[in-house]
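One structure below.
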DNA sequence: GTATCTTTCAAACGTTCGTTTAACTTCATG
DNA sequence: CATGAAGTTAAACGAACGTTTGAAAGATAC
């Protein structure tokens, strides 16, 4: 285990800062979250953010890296194992989609990996305008996205690579929006409060997987029309 | 025509402020955009934002309202006309999806309705954390979303209403992410620069429609498994 | 116990923020 | 021309921002 993933309550100051920042960045976004809010919630001195993470930008990167490193390593392990077992044969699209998006959604049901908090933060972070965030995400995702794009191309040999890339983009957008759970349009008004977070996540996963696979395997758009 | 939609270059100060704010909010987000940046780009005095729009929040709402009022009115007109012509028969799902999402994408190809700038701003705005933005969007979308949800339920009588709502949510997420064009993961690296904005928008529309319809008509997830 | 390194702390740094004020200009109307 | 509303302006307001500082406190090794 490289870095600690849990927040058992009596952690060091740096972990408490990461936990507080994760929640506040998720709730208010990067710009609207001040270092004073973070240090107050983490019960540390104002200077602690700069002492441990250098700057507010460094804190944001540390918050994302703590979970993303684990997530993308898991994604690569699953794909590696499946491709090794398949001995060069193409994988099923449903398996590839489940490894990439299902791993993220199952992560949200486990509190020791940040639970829903990190899920919602990550979904929102994909549309954060700050340049350093885009750069950071691109470097964190570079390997895993290329691997999954290649796997999808082998799994769907009749679909042009350009189309695969676009549909990966669409799947990412649907997932990012679904896990943020902001629901600014209040489309989802019937949250069952009696259900625990595991059941909710499982139902969302099943629904999202059906949608993503339906979109991924949809007939190609005709290039010339209208 | 209620309010002017174009920016011919020699408009009044309030229109110049809206144009500048639309571009800056799109590029940097709401929080990272200051009233000083807006007034500098619009070539007006610093106090003009408060004079014309009351506050920075009022400016943001005016920026969104200028385009959203037109967009959602158009969406309702198209649905009204089609339902009148159908005389109570359910509409084709592809038609409903095209009216809702296609109208938005076609809007982006026309400079007089804000073009890509408003499209990208709107996609990003759906995930803005500020509470007043969620409230504003909810009120702007309330009517049109309810009408389209009902139309989809009639068009797909075998799909439970709850499932329709979720898939509408997924479609919205895929579309919002696609039109922001932020591409923080640099998935889309092969933008054809020689193609004009109309051709790009048309290709995106065709691709997105295939994906959305594939997801909307996907087989339902089995409720009990694993 | 002394020396050395790490961590914590209150206080302040300079800058930028959204907003307000009051004086000034513009300009159509009587 | 006189009047008053509408628009514009420079200047300033208090508050909050990210970051830095230097000293105090704590921990570790000899």
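Protein chains in written order, with the numbering used here: chain V, 17 to 242; chain L, 17 to 242. We treat Cβ as the ideally placed atom computed from N, Cα and C, and that holds for glycine.
| query | result |
| --- | --- |
| Short CB-CB distance (under 9 Å) between residue 215/L and chain V | no |
| Three-state class that DSSP yields for residue 179/L in the structure shown | helix |
| Local conformation of residue 171/V per DSSP, three classes | helix |
| Straight-line Cα distance separating residue 146/V from residue 97/V | 36 Å |
| Length of the line joining the Cα atoms of residue 177/L and residue 52/V | 45 Å |
| Nearest-angstrom Cα separation, counted from residue 56/L out to residue 28/L | 15 Å |
| Three or more C-beta pairs below 8 Å linking the segment 117-132 of chain L and the segment 221-234 of chain L | yes |
| Beta-carbon spacing of residue 79/L, residue 48/L below 9 Å | no |
| N-terminal and C-terminal residue of the alpha helix (DSSP H) that residue 113/L is part of | 109-113 |
| Given residue 197/V as reference, the closest of 186/V, 213/V and 185/V once Cα atoms are compared | 213/V |
| Test: residue 58/V CB closer than 9 Å to a CB of chain L | no |
| Closer than 7 Å at the beta carbon, the chain V residues around residue 224/L | 186 |
| Residues in the segment 115-147 of chain L having any Cβ partner in chain V nearer than 9 Å | 139, 140, 141, 142, 143, 144, 145 and 146 |
| Cutoff 7 Å; reference residue 132/L; Cβ partners in own chain excluding five residues on either side | 124 and 213 |
| Helix, strand or coil at residue 61/V [DSSP, three-state] | coil |
| Residue 185/V, buried or exposed, once every other Cβ within 10 Å from all chains shown has been counted against 16 | buried |
| Completely contained beta strand (DSSP E) runs for the segment 183-238 of chain V, where each covers 3 or more residues | none |
| Residue 107/V and residue 171/V closer than 9 Å at C-beta | yes |
| For residue 128/L, the first and last residue of its enclosing alpha helix (DSSP H) | Where residue 128/L is concerned, there is no enclosing alpha helix (DSSP H), given that its DSSP letter is neither H nor E. |
| Backbone secondary structure at residue 70/V - three-state DSSP | coil |
| Close Cβ partners of residue 175/L (< 6 Å) along its chain, the five nearest in sequence each way excluded | none |
| C-alpha distance - residue 76/L paired with residue 67/L, whole-angstrom precision | 14 Å |
| Whole-number beta carbon distance between residue 86/V and residue 129/V, since they are thought to touch under 8 Å | 7 Å |
| Chain-order list of residues whose beta-carbon lies under 7 Å from that of residue 112/L (same chain, five-residue window excluded) | 164, 167, 168 and 171 |
| Simplified DSSP state of residue 93/V, which is helix, strand or coil | helix |
| Cutoff 9 Å: residue 98/L Cβ touching any chain V Cβ | no |
| Residue 117/V versus residue 60/L - alpha carbon distance | 47 Å |
| Under 7 Å (Cβ pairs) to chain V, residues found in the segment 150-164 of chain L | 150, 153, 154, 157 and 161 |
| Residue 30/V, enclosing alpha helix (DSSP H) - first and last residue | 29-44 |
| Environment of residue 89/L [buried if 16+ CB atoms lie within 10 Å] | exposed |
| Straight-line Cα distance separating residue 31/V from residue 58/V | 9 Å |
| Exposure of residue 161/V, with buried meaning 16 or more beta-carbon neighbours within 10 Å | buried |
| Which of helix, strand or coil DSSP assigns to residue 103/V | coil |
| Backbone secondary structure at residue 47/L - three-state DSSP | coil |
| Closer than 9 Å to chain V by CB, residue 47/L | yes |
| Reduced DSSP category for residue 156/L - H, G, I as helix; E, B as strand; rest coil | helix |
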